[in-house]
Amino acid sequence: MHSKMPSKKAILITWVVLLVYFTTYFIINAEKTFFQLKYDWDNIKIVENLGSVTVDSISHDFLVLQNDCLGLNNQLNSNNTFIIGKSESFFRASNVKCKNGKVVFSGIKWINSKPKRTIKKTDFKIADLPIAQSGNKKVITIGDSQIIWREGRDFRKDLSKNKNLIFIGDQKDVYGYPHEAIWNGKCVDFLDKLKNIDIADYYILFFGAHDKKTNFNELRDCIHETFKLLLKRSGTGKILVITLPPSTNPEFNNYNQIFNKILLKEAGNKRIKTININEYLQKEENYLYEDNVHLNKKGYCLLNKLLIEELR
């Protein structure tokens, strides 16, 4: 007995359903897989064409050029995008340094493709390639190395899953998202910086890691003034302030607990929401880097989960 084969109509319907499913899946996940779709390619601008350069060494996250800065220190920074090779490989970098007649790019993110390691003499350009943002809620992230180093580099990219958000600020991270972070910033640095930043709907604050030598009374006054300054702004919708995480280093952990106690006490306003990652991580393990200060990938996943809930 022959088994009954499905009709041509049934096969056609099955193919249509599969086509719709995979097309929808691709559209939803395309930006996750192909991050280059996040950029506003129609508005790219060439800042400087350096012409021919000599590549000293290249890897997946590192590039060294055997050229001095040629007076381009203002353009050779992490705010810009760079283009190398005749096939135009676009990349951004966490750090750009001019040293001993060489230009060193580290913490690189290749946007479209990476050139071959054998590349030597080639073309090089500096460009302004804006990130594409279409949200209507302005967000400023303010903090220290915790929001721009290692996994912190993905901080804004992960929060951008909320399409209603648009990040603003004078600096740009490795992906091109604007921010107001200072690498070794202390509270007093942010207080000074806040006087000149733009108005936003949300302010996300994550600092304190570099205030270990600050007098606690001075730190209390600084945190108080920081909140006071932001609350006075007419456009402020909500201030999200993040506590320091638990540390396995006793000295660091003791400091973090004192800092958090001050932070929680000063955050006594209905427009200030404390993201108490310290409390949330008490039952977790392996959420810090080996420096016992910065969150690792797991730590940031847990933190962003809390933030995304508040930013809905």
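If you count by the numbering used here, then the sequence shown holds residues 1112 to 1423, one letter each, in order. Note that the Cβ used here is the ideal one computed from N, Cα and C, for glycine as well. Given the structure is predicted, the values throughout are model-derived calculations rather than measurements.
Query, Result
"Integer Cβ distance of Gly1280 from Pro1241, believed to fall under 8 Å", "Not confirmed; about 13 Å, so no contact."
"Ordered list of beta strand (DSSP E) runs contained in the region 1204-1231, each at least 3 residues", "1213-1221"
"Rounded Cβ spacing between Leu1092 and Pro1356 (contact assumed at less than 8 Å)", "The requested residue 1092 is not part of the displayed model; the chain covers only 1112 to 1423."
"Classification of Leu1148 by the beta-carbon crowding that lies within 10 angstroms, buried from 16 upward", "exposed"
"Sheet register partners of Val1164 (DSSP bridge)", "Thr1233"
"Three-state class that DSSP yields for Thr1337 in the structure shown", "helix"
"According to DSSP, residues forming a beta bridge with Pro1356", "DSSP, once it has assigned bridges, lists no residue as partnering Pro1356."
"At least three beta-carbon pairs within less than 8 Å, the region 1268-1277 to the region 1178-1195", "no"
"Inter-residue spacing [alpha-carbon to alpha-carbon] between Ala1320 and Lys1381", "25 Å"
"Straight-line gap, Gln1186 to Lys1384 (C-alpha atoms, nearest Å)", "38 Å"
"Top-ranked residue by Cα proximity to Asp1303, from His1171, Ile1350, Ala1311 and Phe1338", "Phe1338"
"Endpoints, the alpha helix (DSSP H) within which Val1250 is located", "That residue, Val1250, is in no alpha helix (DSSP H); its beta strand (DSSP E) goes Lys1248 to Gly1254."
"For Gln1257, the three-state DSSP class (helix, strand or coil)", "helix"
"Minimum C-alpha distance to Lys1197 - residue among Ser1205, Gly1218, Ile1310 and Asn1160", "Asn1160"
"Short Cβ contact (8 Å threshold) for Ile1253 with Ile1315", "yes"
"Collapsed DSSP secondary structure at Pro1361 in the structure displayed", "helix"
"Gly1346 versus Lys1297 - alpha carbon distance", "25 Å"
"Whole-angstrom distance between Lys1231 and Cys1412, CA atom to CA atom", "39 Å"
"Through-space distance from Ile1237 to Ala1378, alpha-carbon basis", "43 Å"
"Limits of the alpha helix (DSSP H) - the one that Ile1419 falls within", "Lys1408 to Glu1421"
"Distance between Thr1229 and Asp1053 (C-alpha atoms, nearest Å)", "Any answer about residue 1053 is impossible in this case: the structure gives the chain only from 1112 up to 1423."
"Buried or exposed (CB count within 10 angstroms, at least 16 for buried), Glu1262", "buried"
"Closest Cα partner of Gly1218 within the set Asn1211, Asp1265 and Gly1246", "Asp1265"
"Environment of Asp1425 [buried if 16+ CB atoms lie within 10 Å]", "The requested residue 1425 is not part of the displayed model; the chain covers only 1112 to 1423."
"Status (buried if at least 16 other CB within 10 Å, exposed otherwise) for Asn1397", "exposed"
"Reduced DSSP category for Tyr1314 - H, G, I as helix; E, B as strand; rest coil", "strand"
"Neighbourhood of Ala1243 by C-beta distance below 7 Å, restricted to the same chain and skipping five residues each side", "Lys1149, Tyr1150 and Asp1151"
"Close Cβ partners of Gln1177 (< 7 Å) along its chain, the five nearest in sequence each way excluded", "Thr1165, Asp1167 and Lys1213"
"Neighbourhood of Phe1193 by C-beta, 8 Å cutoff - its chain only, sequence neighbours within 5 removed", "Phe1201, Phe1202, Arg1203, Ala1204, Phe1216, Phe1235, Lys1236, Ile1237 and Ala1238"
"Contact under 8 Å by Cβ, Leu1351 with Ile1388", "no"
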